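K.L.:
Written out as structure tokens, the structure is:
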């Protein structure tokens, strides 16, 4: 498999996979780049080009077998396995993240929840006993965890990220409304719903 | 003010604003494109170019006055006012969205929460009495609401979106893990944390 797939292509593959999951749930067994394109608002040519990076999974005219294409995409994205994830922050936001059922359904298992507040440590959230943040490095190293979610207040997010990275984490999903400074080899994605709202108000009257 | 600002520039302005809020909280009164760039991982040239679309808010060498720049960006993004938002869906996800404090802090007020389930209607969530989904068109029209958040299961999201758009909504923040088909004049942004995780696993070992 080539190693130089453009980031922009990789970023679209989970969207294709999500649409394929949906088609499968609706009972379809075969689809086409036209059908996918229509559902996603992406041109069918773009979809064929993206998939061709991995050798192409269908023939023009016969369409894609959904189960096969799903398996291939999951393999490319390395999500045919389950990933262990740590969650830092057990306040309102962290509690909502811990309770969100969508992670486990789609291959991400929250291993451990951490918080710095002594009154939170030892309590339960979504079946996890909240651990003191001091244990973060040990847990990450012992379990060889590469993915973390940050749901702490903005002012603590960078120092939490520093500890995570120092301990071996290579991918961070950051719910705190602040940009993180990380080394080049560490991947960060952001969840900030207000940013998305503010990206739309410009177009309203 | 010019009307043809590229979408990609608009999409970066909320990120600049968030960084400026942070700088102000840290006690800074003046900043520079270099400082902003360092914090955001964006080149200072890019930041100056983006801001120049609006006439430029600072002089080379003297930096930007943070309060002034914040006000200008808020005016451009039309968030110097408060926006009313409806939330559809009061399950686990909708409840978490309703309880999230970050919206009100940054100019978005949840006016009303709707659900289709008779056992939810009439109950309270985050201070809102849950309304039946049948009232959606009336509330949107009466209050002239342009923004909605969807937090219903994937299979209902498109039909909810259709009702919202038919009633006058022009911007949708969709938490349901499915792509929506909407007319060109309607803006949609997505919140799906699993997509973000799946965009990073490709790069892990």
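Protein chains in written order, with this note's numbering: chain A, 1007 to 1211; chain B, 1007 to 1211.
All C-beta atoms, glycine included, are put in the ideal place defined by N, C-alpha and C.
All figures in this text were calculated on a predicted structure; none of them were measured in a lab.
Would you mind telling me which residues of chain A sit closer than 8 Å to residue 1106 of chain B, beta carbon to beta carbon, in chain order?
P.N.:
Position 100 of the second chain, counted from the start, is the residue given in the question as residue 1106 of chain B. Neighbours of residue 1106 of chain B on chain A, chain order: 1098, 1099, 1102, 1199.
K.L.:
Ignoring anything shorter than 3 residues or poking outside the segment 1154 to 1186 of chain A, list the beta strand (DSSP E) runs there in chain order.
P.N.:
With a minimum length of 3 residues, the continuous beta strand (DSSP E) runs that stay inside the segment 1154 to 1186 of chain A are 1177 to 1180.
K.L.:
Is the shortest distance between the beta-carbon of residue 1202 of chain B and the beta-carbons of chain A less than 8 Å?
P.N.:
Residue numbering aside, residue 1202 of chain B sits at position 196 when the second chain is read from its first letter. So yes, residue 1202 of chain B belongs to the interface.
K.L.:
Return the bridge partner residues of residue 1138 of chain A from the DSSP annotation.
P.N.:
Position 132 of the first chain, counted from the first residue, corresponds to residue 1138 of chain A. DSSP, once it has assigned bridges, lists A:1121 as partnering residue 1138 of chain A.
K.L.:
Please confirm whether residue 1114 of chain A has its beta-carbon closer than 8 Å to some beta-carbon of chain B.
P.N.:
Along the first chain, read from residue 1 onward, the residue named residue 1114 of chain A stands at position 108. Chain B, which has a Cβ nearer than 8 Å to the Cβ of residue 1114 of chain A, makes this yes.
K.L.:
State the CB to CB distance for the pair residue 1115 of chain A and residue 1179 of chain B, rounded to an integer number of angstroms; the pair is presumed to be in contact (CB under 8 Å).
P.N.:
Here residue 1115 of chain A is taken as the residue at index 109 of the first chain, counted from 1. Here residue 1179 of chain B is taken as the residue at index 173 of the second chain, counted from 1. In fact, because the Cβ distance is near 27 Å, the residues do not count as touching under 8 Å.
K.L.:
Are there three or more Cβ pairs, one per stretch, closer than 8 Å when the segment 1157 to 1170 of chain A is compared with the segment 1160 to 1175 of chain B?
P.N.:
These segments do not touch.
K.L.:
Which partner residues of residue 1192 of chain A appear in the DSSP bridge assignment?
P.N.:
Within the first chain, the letter at position 186 stands for residue 1192 of chain A. In DSSP, residue 1192 of chain A forms no bridge with anything.
K.L.:
How far does the alpha helix (DSSP H) with residue 1103 of chain B in it reach, from first residue to last?
P.N.:
Locating residue 1103 of chain B in the second chain gives position 97, where the first residue counts as 1. Start and end: 1098 to 1105.
K.L.:
With 8 Å as the threshold, decide whether the Cβ of residue 1029 of chain A is near any Cβ in chain B.
P.N.:
For the purposes of this step, residue 1029 of chain A is identified with residue 23 of the first chain, where counting begins at 1. Not an interface residue.
K.L.:
What residues in the segment 1137 to 1169 of chain B bring their beta carbon closer than 9 Å to a beta carbon of chain A?
P.N.:
The residues in question are 1152, 1153, 1155, 1160, 1161.
K.L.:
Quick one: which chain B residues come within Cβ less than 8 Å of residue 1207 of chain A?
P.N.:
As a position in the first chain, residue 1207 of chain A is number 201, starting the count at 1. Under the 8 Å cutoff, chain B gives 1083, 1084, 1085, 1089, 1153, 1177.
K.L.:
When Cβ atoms are compared, which residues of the segment 1008 to 1022 of chain A fall closer than 7 Å to chain B?
P.N.:
For the segment 1008 to 1022 of chain A, which is checked against every Cβ of chain B, the residues closer than 7 Å are 1016, 1017, 1020, 1021.
K.L.:
Are the beta-carbon atoms belonging to residue 1155 of chain B and residue 1181 of chain B less than 8 Å from one another?
P.N.:
Taking the second chain and counting its residues from 1, the one referred to as residue 1155 of chain B is at position 149. Taking the second chain and counting its residues from 1, the one referred to as residue 1181 of chain B is at position 175. In contact: residue 1155 of chain B and residue 1181 of chain B (Cβ atoms closer than 8 Å).
K.L.:
Between residue 1200 of chain A and residue 1176 of chain A, is the Cβ-Cβ spacing less than 8 Å?
P.N.:
The residue you call residue 1200 of chain A lines up with position 194 of the first chain. The residue you call residue 1176 of chain A lines up with position 170 of the first chain. No. Outside cutoff.
K.L.:
Count Cβ pairs between the segment 1085 to 1098 of chain B and the segment 1080 to 1092 of chain A that sit closer than 8 Å; are there 3 or more?
P.N.:
The segment 1085 to 1098 of chain B is not in contact with the segment 1080 to 1092 of chain A.
K.L.:
Could you check whether the Cβ of residue 1122 of chain B sits closer than 8 Å to any Cβ belonging to chain A?
P.N.:
Walking along the second chain from the start, residue 1122 of chain B turns up at place 116. Not an interface residue.
K.L.:
Along the chain, where does the alpha helix (DSSP H) that runs through residue 1127 of chain B open and close?
P.N.:
What you label residue 1127 of chain B is simply residue 121 of the second chain in a count that begins at 1. Note, residue 1127 of chain B: premise wrong, no alpha helix (DSSP H); not H, not E.
K.L.:
On the criterion of 16 or more Cβ atoms from any shown chain inside 10 Å, does residue 1211 of chain A qualify as buried, or is it exposed?
P.N.:
Looking up residue 1211 of chain A in the first chain gives position 205. The residue in question, residue 1211 of chain A, is exposed, as its Cβ has fewer than 16 Cβ neighbours within 10 Å.
K.L.:
Since residue 1210 of chain B is in the beta strand (DSSP E), which residue starts that stretch and which ends it?
P.N.:
What you label residue 1210 of chain B is simply residue 204 of the second chain in a count that begins at 1. No beta strand (DSSP E) holds residue 1210 of chain B; DSSP gives it neither H nor E.
K.L.:
Give me the chain B residues within the contact set of residue 1195 of chain A, using Cβ-Cβ distance strictly less than 7 Å, ordered along the chain.
P.N.:
If you number the first chain from 1, residue 1195 of chain A lands on position 189. Those within 7 Å of residue 1195 of chain A in chain B are 1202, 1205, 1206.
K.L.:
Could you say which of B:1113, B:1110, B:1136, B:1072 lies nearest to residue 1101 of chain B if we only look at CA atoms?
P.N.:
Counted from its first residue, the second chain places residue 1101 of chain B at position 95. Minimum Cα distance to residue 1101 of chain B is reached at B:1136.
K.L.:
Name the DSSP beta bridge partners of residue 1023 of chain A, please?
P.N.:
Locating residue 1023 of chain A in the first chain gives position 17, where the first residue counts as 1. The partner list for residue 1023 of chain A (beta bridge, DSSP) is empty, contrary to what the question assumes.
K.L.:
Can you list the residues of chain B that residue 1189 of chain A reaches, using a CB-CB cut of under 8 Å?
P.N.:
Locating residue 1189 of chain A in the first chain gives position 183, where the first residue counts as 1. Going along chain B, no residue has its Cβ under 8 Å from residue 1189 of chain A, so there is no contact; the nearest lies around 11 Å.
K.L.:
Just to confirm the assignment, what range does the beta strand (DSSP E) spanning residue 1090 of chain B have?
P.N.:
Position 84 of the second chain holds residue 1090 of chain B. Element bounds for residue 1090 of chain B: 1089 to 1094.
K.L.:
Should residue 1072 of chain B be flagged as near chain A, meaning a C-beta pair shorter than 8 Å?
P.N.:
Mapped onto the second chain, residue 1072 of chain B falls at position 66. So, not an interface residue.
K.L.:
Please list the terminal residues of the continuous alpha helix (DSSP H) segment that includes residue 1080 of chain A.
P.N.:
To locate residue 1080 of chain A, count along the first chain from 1; it is residue 74. That run of the alpha helix (DSSP H) goes 1072 to 1082.
K.L.:
What does residue 1046 of chain A touch in chain B if you count any residue whose Cβ is under 7 Å from its own?
P.N.:
Translated into the one-based positions of the first chain, residue 1046 of chain A becomes position 40. The contacting residues are 1185.
K.L.:
For residue 1198 of chain B, count neighbouring Cβ atoms within 10 angstroms of its own Cβ and tell me buried if that reaches 16, exposed if not.
P.N.:
Position 192 of the second chain holds residue 1198 of chain B. Buried, since its Cβ has 16 or more Cβ neighbours within 10 Å.
K.L.:
So what's residue 1202 of chain A in DSSP terms, helix, strand or just coil?
P.N.:
Against the first chain, residue 1202 of chain A aligns to sequence position 196. Note: residue 1202 of chain A maps to helix in three-state DSSP.
K.L.:
Which residue marks the beginning of the alpha helix (DSSP H) containing residue 1040 of chain A, and which one marks its end?
P.N.:
Against the first chain, residue 1040 of chain A aligns to sequence position 34. Start and end: 1039 to 1046.
K.L.:
I need the DSSP call for residue 1197 of chain A, collapsed to helix, strand or coil.
P.N.:
In the first chain, the residue the question calls residue 1197 of chain A occupies position 191. Note: residue 1197 of chain A maps to coil in three-state DSSP.
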